[in-house]
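Going by the UniProt record's numbering, 13 is the number at position 13 of the sequence shown; the sequence numbering is gapless. Think of the CB as a built atom: it goes at the ideal place given N, C-alpha and C, for glycine as much as any other residue.
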Amino acid sequence: MYFNTTILKPMQMNRREKKQGIVAGISLIFMAIAAGFAYGYAHSNLVAGSPEITLQNLIANKSLFLAELAGWSIIFITDLVVAIALYLFFRSTSKQTAALTAFIRIIYTLLLGIAIYQLYRIVPVLSSLNPDAFEISTHLHMFEKLWSLGLVVFGLHLIGLGYLSVQSTSVPKLLGYLLYFGGTCYTVLHGARHLSLFDEQLLVSVEKFLALPMALAEILLAFWLIYFGSRNSNSKTRT
């Protein structure tokens, strides 16, 4: 189907793009669900403003904390899958840009992995006879700091995806512009946090306000890839 607009471009997806798009889309959906549970539910319910209260929460809800770790592990694995699948999907648009964009996501995923390791280091502390609230708080702080640093890199990845989406004949330009916006928000907000350019409370408020549009870009891309990849399964596709 062809649209008479530069924002919603014609959908042209070959069989290889279709398969890789579906893999990337499904992985992104699984990742979003895992993130919603691991960070949105488990982490926010376990981590309090006080190290002592956080320790009490972790001791009383060890199974929830272990489930959070499982969620982060799923996120790590699916991030790697998405990096490769999106490279293969956008390779025909620009091989060099697709490779660079995938490489940037892999760097982000490695930073995320180091951050997740900080959470795993809490497990033996909780299992000790006298768990140290300060030590646990230190690991949690390092997790947040490393993940935030990774999100600076992740923003650059989204900007790369935005460029590829705008240039591609398989993705609407509108999604590309949303990815540009989301990526810029991630990089600027978390970059400002690490450089201490603004008051932390201001950054938290701005981040809460922009959280939905920041997350929406990649989620919409995921649904687009799944829907149109599946639809093409029952229609003629380019080879």
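ARG231 classed as buried or exposed, judged by whether at least 16 other C-beta atoms fall within 10 angstroms: exposed
Starting from GLY160, trace the alpha helix (DSSP H) both ways and give me its first and last residue. 133 to 167
Every unbroken alpha helix (DSSP H) inside the region 21 to 69 [4 residues or more]: 51 to 60
Report the rounded CA-to-CA distance for TRP224 versus ALA217, giving the unit in angstroms. 11 Å
On the three-state DSSP scale, how would you describe PRO172? coil
Suppose contacts are defined by Cβ-Cβ distances below 8 Å. Is THR184 in contact with GLY160 by that definition? no
According to DSSP, is THR78 helix, strand or coil? helix
GLN20: buried (16+ other C-beta within 10 angstroms of its C-beta) or exposed? buried
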